[in-house]
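Only one structure is covered here, and it is reproduced in the block below.
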Amino acid sequence: MAYDADVIVIGAGLAGLAATAELVDAGRKVILLDQEPAQSLGGQAHWSFGGLFLVDSPEQRRLRIRDSHALAWQDWLGTAGFDRPEDHWPRKWAEAYVDFAAGEKRSWLHRQGVRLFPVVGWAERGGYDATGHGNSVPRFHITWGTGPGLVAPFERRVRAGAARGLVDLRFRHRVTGLSRSAGSVDTVSGEILEPSDAERGRPSSREVAGAFELRAQAVIVTSGGIGGNHELVRANWPERLGTPPRRMLSGVPAHVDGKMLGIAEAAGGRIINRDRMWHYTEGIDNWNPIWPLHGIRILSGPSPLWLDARGKRLPVPLFPGFDTLGTLEHIMRTGHDHTWFVLTQKIIEKEFTLSGSEQNPDLTGKSIRQVLGRARAGAPGPVRAFMDHGADFIVERSLTDLVRRMNELTGEPLIAEDALRGEIVARDREIAHSFTKDLQVTAIRGARKYLGDRLIRTAAPHRLLDPKAGPLIAVRLNILTRKTLGGLETDLSSRVLADGGAPLPGVYAAGEAAGFGGGGVHGYRSLEGTFLGGCLFSGRTAGRAAARAVS
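Going from the sequence shown to the numbering used here is simple: count from 1 and add 1.
Put into structure tokens, the structure is as follows:
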């Protein structure tokens with residue numbers, strides 16, 4: 002039987018594009034399969050903010066951020082918490098990835114035309130001790146052009162390969178099986194779905210129009226995770242994070258269903274760390290949704306008062322932007338799925354950014370003029386739109402009216418005005434002098450010592466009940482599904498491993514399907530900016546390794 006290609010890549014997201022681009026560079030013939038229509042090329046990465054984890058970059062040095070490989074590795078280990086026998090390959094991948102982020106990652110991307118926004122963000126700040134979770138310094142580099150700007154060079158390389166006859170792009174091909182005709186897994190079978198003109202991200206038809214069977218010397222699985230499949234998210238929900246939410250929003254389109262993971266497992270691949278996952282706690286209903294239950298994450302500076310469903314402040318150090326999964330664990334033990342930000346107009350103007358390429362048209366469109374407009378008074382346009390139309394936003398002049406509407410929104414009188422007023426007044430007293438025992442106030446003042454935060458991310462400390470800073474704003478926050486941190490176990494050549502640790506012949510995996518490398522390069526938690534980079538690094542590795550393996 003003849004082969005249809007040297008390599009078949011399953012999934013045309015960022016990891017699949019990176020793998021295919023490397024195969025093209027090696028002169029290999031590739032069939033790239035994806036169940037979605039052509040307009041969804043690039044997958045989830047298209048919708049992303051374009052954040053990249055870099056270590057000791059020129060952007061950091063210009064902002065007087067002292068970073069190093071040693072510090073980044075300390076932060077990664079403290080965040081990942083590797084503690085399982087199956088963490089052998091994830092830890093090896095983590096070492097390799099930190100080397101990449103501190104080494105050639107930036108120059109490799111720069112050669113392909115990727116440019117970076119000059120202000121480096123400080124995500125996942127931790128708030129524990131030096132060896133605990135979090136980034137010790139700002140490392141979140143935003144791609145100029147956000148997600149589409151990062152996808153573009155890899156799409157360009159793949160399309161150039163197609164023009165040379167090396168890449169066969171086959172959309173609407175849904176894989177249902179992997180099998181062997183010889184010693185290796187070399188056969189990919191599935192269904193051809195009917196053509197669809199659905200816009201990117203919107204649900205496409207699942208009507209079957211035909212079947213296919215293709216053969217190649219190697220197969221690379223880059224099909225993504227489970228974030229759009231809430232049933233599977235709940236089935237894998239870890240006990241350490243409490244009871245699964247009754248209601249969740251989706252940070253990814255519905256086709257991110259995890260089915261390919263089960264197919265690869267049925268073919269003999271080993272999935273590890275199923276219970277490691279990454280979901281956000283600052284999700285809001287998208288007033289203009291693209292996919293079902295479409296949620297947007299608020300990327301907030303450190304100033305909003307974060308309250309549980311009953312109006313009690315979250316414990317230290319669960320401030321905005323400090324510890325995503327620590328906050329999720331706490332929320333899930335309160336008996337309610339939602340929390341609240343309470344803030345002022347002055348804070349929202351400076352500190353609220355919405356995650357996603359479509360929510361940042363200035364950065365996505367590479368408009369310097371529009372980016373400079375962020376310095377003007379008033380909330381950014383996308384934030385204003387949520388204030389005007391978003392179901393989770395409440396704007397009032399008085400705390401009495403704010404609390405009344407918060408209780409109306411949830412349908413329960415969970416928040417007592419007197420108790421909340423007491424929390425706010427006590428916090429406001431801590432602002433009135435240069436000393437404080439309130440660690441959130443300390444964090445705000447500390448953030449403003451960093452130029453990047455002072456310029457665009459952290460408002461000057463002020464009393465929440467100061468009428469000059471108003472009106473008051475409350476935002477109901479929901480759990481937002483996002484990333485699978487576990488996945489197919491792979492060695493440092495991206496070869497999928499079977500039970501017992503031997504490679505599954507002919508099968509590679511990259512991106513979220515492989516836990517961004519090894520079956521869980523992040524361990525239990527992420528330092529942020531590491532998902533897109535993980536797709537690129539593992540996709541590049543898989544493409545290069547498969548290219549070497551095929552004749």
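Just so you know, even glycine gets a beta-carbon here, dropped at the ideal spot from N, CA and C. Treat the numbers as computed from the prediction; the structure is a model and nothing was measured.
Practice task
May I ask you to verify whether the region 53-62 touches the region 503-511, counting CB pairs closer than 8 Å and requiring at least 3?
Solution key: no
Exercise for the section: Please determine, among Y281, V253, V159, the residue with the shortest C-alpha to C-alpha distance to A1. Expected result: Only positions 2 to 552 of the chain appear in the structure, and residue 1 is not among them; the question remains open.
Practice task
Check whether the Cβ atoms of L452 and L15 lie closer than 7 Å to each other.
Solution key: Walking along the sequence shown from the start, residue 452 turns up at place 451. Walking along the sequence shown from the start, residue 15 turns up at place 14. In this structure, L15 does not lie closer than 7 Å to L452 by Cβ.
Practice task
With a threshold of 16 other CB atoms inside 10 Å of the CB of V426, please say whether the residue is buried or exposed.
Solution key: In the sequence shown, counting from the first residue as 1, residue 426 sits at position 425. V426 is exposed by the Cβ-count criterion.
Handout entry: The beta strand (DSSP E) enclosing A212, as first and last residue numbers
Key = Here residue 212 corresponds to residue number 211 of the sequence shown, with the count starting at 1. Note, A212: beta strand (DSSP E), 209-222.
Exercise for the section: Report yes if the CB atom of T335 is closer than 7 Å to the CB atom of T147, and no otherwise. Expected result: Within the sequence shown, numbered from 1, the residue matching residue 335 stands at position 334. Within the sequence shown, numbered from 1, the residue matching residue 147 stands at position 146. No.
Exercise for the section: Determine the contact status of F404 and F353, defining contact as a CB-CB distance below 7 Å. Expected result: Sequence index remark: in the sequence shown, residue 404 carries index 403 (1-based). Sequence index remark: in the sequence shown, residue 353 carries index 352 (1-based). The amino acid occupying residue 404 in the given sequence is Val; Phe does not appear at that position. Result no, Cβ atoms of V404 and F353 do not sit closer than 7 Å.
Problem - W109 - containing alpha helix (DSSP H), residue span - result: On the sequence shown, residue 109 is found 108 positions in, with the first residue counted as 1. 106-112 is the span of the alpha helix (DSSP H), which, as asked, contains W109.
Practice task
Scan the region 10-43 and note each continuous beta strand (DSSP E) run of 3 residues or more that stays entirely inside, going in chain order.
Solution key: 31-35
Practice task
Pull up the distance between the alpha-carbon of I480 and that of C536, whole angstroms please.
Solution key: As a first step, residue 480 must be located in the sequence shown, where it is residue number 479. As a first step, residue 536 must be located in the sequence shown, where it is residue number 535. The alpha-carbon atoms of I480 and C536 are separated by roughly 24 Å.
Practice task
Taking 8 Å as the threshold, find out whether the region 407-415 comes into contact with the region 484-501 through three or more Cβ pairs.
Solution key: no
Practice task
Give me the Cβ distance between A95 and W109, rounded to the nearest whole Å; I'm assuming they're in contact under 8 Å.
Solution key: By 1-based counting over the sequence shown, the position of residue 95 is 94. By 1-based counting over the sequence shown, the position of residue 109 is 108. No, A95 and W109 are not in contact; Cβ-Cβ is about 19 Å, not under 8 Å.
Exercise for the section: Determine, using beta carbons only, whether A97 and H70 come nearer to each other than 7 Å. Expected result: Here the question's residue 97 lines up with position 96 in the sequence shown. Here the question's residue 70 lines up with position 69 in the sequence shown. In this structure, H70 does not lie closer than 7 Å to A97 by Cβ.
Handout entry: Integer-rounded CB distance, given that S182 should sit under 8 Å from R216
Key = Residue 216 sits at position 215 when you count from the first residue of the sequence shown. Residue 182 sits at position 181 when you count from the first residue of the sequence shown. Indeed they touch by this definition, with Cβ atoms about 7 Å apart.
Problem - Rounded separation between F532 and T401 - CA only - result: Taking the first residue of the sequence shown as position 1, residue 532 is located at position 531. Taking the first residue of the sequence shown as position 1, residue 401 is located at position 400. Distance between the alpha carbons of F532 and T401 is about 42 Å.
Exercise for the section: Measure the C-alpha to C-alpha separation of A163 and P38 and round it to an integer number of angstroms. Expected result: On the sequence shown, residue 163 is found 162 positions in, with the first residue counted as 1. On the sequence shown, residue 38 is found 37 positions in, with the first residue counted as 1. When rounded, the distance between both Cα atoms is 17 Å.
Handout entry: the region 513-532 touching the region 114-133, judged by at least three CB pairs closer than 8 Å
Key = yes
Handout entry: Backbone CA spacing between A448 and M249 [nearest angstrom]
Key = Taking the sequence shown and counting its residues from 1, one reaches residue 448 at position 447. Taking the sequence shown and counting its residues from 1, one reaches residue 249 at position 248. Rounded to whole angstroms, A448 to M249 spans 31 Å at the Cα level.
Handout entry: Distance CB(V168)-CB(I11) smaller than 7 Å
Key = The residue you call residue 168 lines up with position 167 of the sequence shown. The residue you call residue 11 lines up with position 10 of the sequence shown. Contact flag unset, no.
Problem - Sequence-distant residues of its chain with Cβ nearer than 7 Å to G114 (five each side left out) - result: Indexing the sequence shown from 1 puts residue 114 at position 113. Cβ neighbours of G114 beyond the five flanking positions: P154.
Practice task
Would you check if the distance between the CB atom of L18 and the CB atom of R277 is smaller than 7 Å?
Solution key: The residue you call residue 18 lines up with position 17 of the sequence shown. The residue you call residue 277 lines up with position 276 of the sequence shown. The answer is no: Cβ separation not under 7 Å.
Handout entry: Same chain, Cβ closer than 6 Å to W279, neighbours up to 5 away in sequence not counted
Key = The count along the sequence shown starts at 1 and reaches residue 279 at position 278. R483, K484, L486, S527.
Handout entry: Rounded straight-line distance, which links the Cα of A475 to that of F342
Key = Start at 1 with the first residue of the sequence shown, and residue 342 comes out as number 341. Start at 1 with the first residue of the sequence shown, and residue 475 comes out as number 474. About 6 Å.
Problem - CA nearest to the CA of E208, picked from E200, G263, A199, E195 - result: For this step, residue 208 is matched to residue 207 along the sequence shown. Ranking the options by Cα distance to E208, first place goes to E195.
Exercise for the section: Give me the Cα-Cα distance between E424 and A131, rounded to the nearest whole angstrom. Expected result: On the sequence shown, position 423 is the one that residue 424 refers to. On the sequence shown, position 130 is the one that residue 131 refers to. Answer to the nearest angstrom: the Cα atoms are 30 Å apart.
Handout entry: Cβ neighbour criterion (16 or more within 10 Å) applied to N289
Key = Position 288 of the sequence shown holds residue 289. It counts as exposed.
Problem - the region 345-363 touching the region 301-316, judged by at least three CB pairs closer than 8 Å - result: yes
Problem - Local conformation of W341 per DSSP, three classes - result: Within the sequence shown, the letter at position 340 stands for residue 341. If DSSP states are grouped into helix, strand and coil, W341 belongs with the strands.
Practice task
Please list the segments of the alpha helix (DSSP H) lying wholly inside the region 222-288, counting only runs of 4 or more residues, in order along the chain.
Solution key: 231-236, 260-267
Practice task
Would you check if there are 3 or more beta carbon pairs closer than 8 Å linking the region 228-239 to the region 456-476?
Solution key: no
Practice task
Return yes when the Cβ of P204 is within less than 7 Å of the Cβ of G519, no when it is not.
Solution key: As a first step, residue 519 is located in the sequence shown; it is residue number 518 there, counting from the start. As a first step, residue 204 is located in the sequence shown; it is residue number 203 there, counting from the start. No, the Cβ-Cβ distance between G519 and P204 is not below 7 Å.
Practice task
From the DSSP output, in three-state form, read off F320 for me.
Solution key: Counted from its first residue, the sequence shown places residue 320 at position 319. The answer is coil: DSSP assigns F320 none of H, G, I, E or B.
Practice task
Can you give me the start and stop residues for the beta strand (DSSP E) that D169 sits inside?
Solution key: On the sequence shown, position 168 is the one that residue 169 refers to. Counting along the chain, the beta strand (DSSP E) containing D169 begins and ends at 168-172.
Handout entry: When A550, K30, A268 are compared against D5, the one with the closest alpha-carbon
Key = Position 4 of the sequence shown, counted from the first residue, corresponds to residue 5. If we check each option's Cα against that of D5, K30 comes out closest.
Practice task
Out of K313, G534, W145, K438, state which residue places its alpha-carbon closest to the alpha-carbon of D363.
Solution key: To locate residue 363, count along the sequence shown from 1; it is residue 362. Nearest C-alpha to D363: W145.
Problem - chain B within 7 Å of W279, Cβ atoms only - result: No chain B appears in this structure, which consists of one protein chain only.
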